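Notes for the one structure printed next.
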Amino acid sequence: MPAPVILWFRQDLRLEDNPALTAAAAEGPLVALYILDETRGLRPWGGASRWWLAESLQSLEKELRRKAVPLILRRGPAAKILAEVIAETRAKSVHWNRNYEPYAIRRDKAIKSDLARRGIEATSHNAALLFEPWTVKTQAGEPFKVFTPFWRSLQTLPAPPRPAPAPRKLDKAYKQPRSDKLADWKLKPTKPDWAAGFAAAWRPGESGARLRLEEFLAGHLAHYHEKRDRPDLAATAQLSPHLHWGEIGPRQIWHAVKALEIASGDLVPGRAAEAFLRELGWREFSHHLLFHWPKIATEPWKPDFRRFPWRSDKAGLAAWRQGRTGYPIVDAGMRELWGTGWMHNRVRMIAASFLVKHLLIPWQEGEAWFWDTLVDADLAQNAASWQWVAGSGADASPYFRIFNPVIQGEKFDPDGAYVRRWVPELAKVPAEFLHQPWTAPPTLLAAAGVVLGRDYPEPIVDHAAARARALAAFEKMKR
1 MPAPVILWFR QDLRLEDNPA LTAAAAEGPL VALYILDETR GLRPWGGASR
51 WWLAESLQSL EKELRRKAVP LILRRGPAAK ILAEVIAETR AKSVHWNRNY
101 EPYAIRRDKA IKSDLARRGI EATSHNAALL FEPWTVKTQA GEPFKVFTPF
151 WRSLQTLPAP PRPAPAPRKL DKAYKQPRSD KLADWKLKPT KPDWAAGFAA
201 AWRPGESGAR LRLEEFLAGH LAHYHEKRDR PDLAATAQLS PHLHWGEIGP
251 RQIWHAVKAL EIASGDLVPG RAAEAFLREL GWREFSHHLL FHWPKIATEP
301 WKPDFRRFPW RSDKAGLAAW RQGRTGYPIV DAGMRELWGT GWMHNRVRMI
351 AASFLVKHLL IPWQEGEAWF WDTLVDADLA QNAASWQWVA GSGADASPYF
401 RIFNPVIQGE KFDPDGAYVR RWVPELAKVP AEFLHQPWTA PPTLLAAAGV
451 VLGRDYPEPI VDHAAARARA LAAFEKMKR
C-alpha cells in the first residue's frame, strides 16, 4: 500500500478552496487530522469559540464521511500529536494551511525542522488570506502602517487565485490511527448553558458559510454601502466566524462578489461591492499588522500609549460586560454579544469606545472579554480593532475621537428597533427618549413601565464629564 499523507486541519475547516487538501489528496491516501492544542499562543480558545469549534468539527466530520474519509481527532501539543500519528500510520508527508499568529509561526517552523530531520516532508499553503502578509509592501519595500494606501496597493496586485473545487474523490489511508470522540472534549458549556441562544443564530460549517454568502449576495449586497452601519437591519454578511474558522475562504468571497458584479450590471452598484470587499481588505490589514508587529496583540502599537493613564474600575467593567451601563446602544450591543456570540460592527466600535474612553479602562480588558465571548474571536482582528478604537493602533486617527453613545444610537438605530430587541425593559419608551431615557419625563417613563435605577440603570458616567476626562488623559499622555 502507498504511504499515507497527513492532512492537518487547523482554521481551514472546509473542503472547497483548501489548497492543503487538494495537494494532499493528489499525493496519496489521506489521514485527515484535527489537533486540539490547548497550549496554543497567548491563551486557549474562549468559551464562544469552543462552542463554534464543536459545531464546525461535527459538520466537517459529516462532509468527510460522505467521501469515506474519517476525521481523526486528537488532543495535546501539536508537535507531540503529529509525531505520534506519523508513527502510527508511517505517513510520508504532512500538509497544512498556514496560520499567521506569532505562536503558530514559531510552532510550525519548529515542526517543519523536526520533520525534515526525520525525513518527513512538510508543506504549508495559504488558505486564509487573499495575499501573503509579506507580499503587500510600500514602494520602499516596507510594511504598510495606514490602511488606505495598503488597500490601494492590494488592488494593484494580480487577482487572487480562483478557488479550487473540493476534490471529487478522496482515498483514505488503509491504516487509520485512533481518534478521540468529539463529545469527550466537552467544548460546549452545560451548567449553565450560556450558549443556548447560539444555535438559533448560527449554522456553523462549510454548508452554513456557503448559504450565508449566497443569501447575502442575493438579498443585501446591493444596499450594503447604505445600510451596513444599521444594527437594526439585517444588512451585513455575518461571515466573520465562518472566515475565522476557515469554513469559507476570502478568495471564495472575493471572486463571488466580482462575478456577481459583472453578471448583474447595475443591480449591484460598484460602491456596494467596493464597500464590502474593503472589509475583506481590513481583515487582511489586521493580519498584515500582526505579522509585521506581533506585539500588537498585547502592547500598544504606538509607544506613546505606554504612558496613558488608564484607570482600574471593577464596577464599571462589570457593568459594561453585563450591558448595564445606562446607555442603551452600548447595553444592547453587549447583550447581543452574550446572547448570540456576535455583535454588529458599528456597535462594537461604540461599545469599545465607551469602555476605553468613557471609563478609561485598558483596551486589553475589552479585548480579553471579546476573546471569550465572540464566536469570531480572531487574534489579529480583535487586537488591531481594539487598538484602533483606543487610539493606540495603526491608522487610528484622530486617536482622541470619542463616540457620543446617544448620538450614535439616534443616528444608526433611529427607530430604536435594535435597542428594543436587546434591552426589552425599554421597549415601550418612545423613540425620541429611547437612547437617553434619563431625559424623559418621569410620568412618561412610568407609563412605559420603567423606573430608572430599578428597571434600567442610570448612566454610570456622564458623557460630557467622561469626554473631558478622556481628553485630559490624552493631553497628560502627550506631555
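As numbered in UniProt numbering, the sequence shown has no gaps in its residue numbers, which increase by one up to the final residue, 479.
Beta carbons: idealized from backbone N, C-alpha and C, even for Gly.
None of the values given here were measured: they were computed from a predicted structure.
Closest by C-alpha distance to residue i, when choosing among the options
i: A128; options: D415, L13, S353, Y456; result: L13
i: Y224; options: G270, W386, P102; result: G270
i: F308; options: W363, L379, H344; result: W363
i: R10; options: W202, L60, F400; result: L60
i: G47; options: K112, W151, K186, I35; result: K186
i: R230; options: E410, L379, V85; result: E410
i: L444; options: N97, A140, P158, L426; result: L426
i: P414; options: Q436, A394, Y399, F400; result: Q436
i: K181; options: A201, K428, I35, A468; result: I35
i: K112; options: K80, Q139, V330, W51; result: K80
i: residue 504; options: R178, K428, A26; result: Absent from the model: residue 504. The displayed extent of the chain is 1 to 479, so no value can be given.
i: A25; options: P2, T39, W438; result: P2
i: G397; options: E475, R479, F147; result: Reading off the sequence shown, one finds Ser at residue 397, where the question assumed Gly. Nearest option by C-alpha distance: F147.
Alpha carbon of residue i to alpha carbon of residue j, nearest angstrom
i: A315; j: G205; result: 38 Å
i: K137; j: P160; result: 16 Å
i: E299; j: L170; result: 45 Å
i: Y100; j: F291; result: 6 Å
i: T340; j: F285; result: 26 Å
i: H344; j: L53; result: 21 Å
i: Q408; j: R346; result: 9 Å
i: W293; j: F144; result: 11 Å
i: A196; j: T190; result: 9 Å
i: G453; j: F370; result: 27 Å
i: V94; j: A275; result: 38 Å
i: D378; j: H244; result: 7 Å
i: M477; j: V356; result: 14 Å
i: residue 480; j: P442; result: Residue 480 cannot be examined here, being either before or after the span of the chain that is shown, 1 to 479.
i: A305; j: L157; result: Here residue 305 is Phe; the residue named in the question, Ala, does not match the sequence. Spanning the two alpha carbons is a distance of roughly 34 Å.
i: L115; j: T89; result: 15 Å
i: E247; j: P163; result: 13 Å
i: A464; j: E458; result: 15 Å
i: K188; j: P167; result: 31 Å
i: R50; j: D395; result: 32 Å
i: P77; j: Y174; result: 25 Å
i: V451; j: F403; result: 27 Å
Expected contact under 8 Å - CB spacing of residue i and residue j to nearest Å
i: A91; j: P4; result: 5 Å
i: T373; j: W338; result: 7 Å
i: S124; j: W151; result: Not confirmed; about 26 Å, so no contact.
i: L317; j: I361; result: 6 Å
i: K172; j: V69; result: 4 Å
Cut-off 7 Å between Cβ atoms - residues of its own chain near residue i, not counting five sequence neighbours on either side
i: L233; result: K227
Own chain partners of residue i with C-beta closer than 6 Å, once the 5 adjacent residues on each side are dropped
i: G416; result: A431, L434
i: E336; result: M343, W422
i: A440; result: F433
Beta-carbon proximity list for residue i, same chain, < 8 Å, skipping 5 on both sides
i: L130; result: L154, P160, P250, R251, W254, L280, E284
Test: residue i CB closer than 8 Å to a CB of chain D
i: P250; result: Note that chain D does not occur in the displayed structure, where there is just one protein chain.
Which runs of the alpha helix (DSSP H), 4 residues or longer, sit entirely within the stretch 110–197?
For the stretch 110–197, whole alpha helix (DSSP H) runs of length 4 or above, ordered along the chain, are 147–156.
* Run through the stretch 383–469 for me and flag every whole alpha helix (DSSP H) of 4 or more residues, listed as ranges in chain order. => Correct list: 405–412, 417–422, 431–434, 442–447.
Q) In chain order, which beta strand (DSSP E) runs of at least 3 residues are fully inside the UniProt domain "Photolyase/cryptochrome alpha/beta" (3–130)? A) 5–9, 30–36, 71–75, 93–97, 121–125
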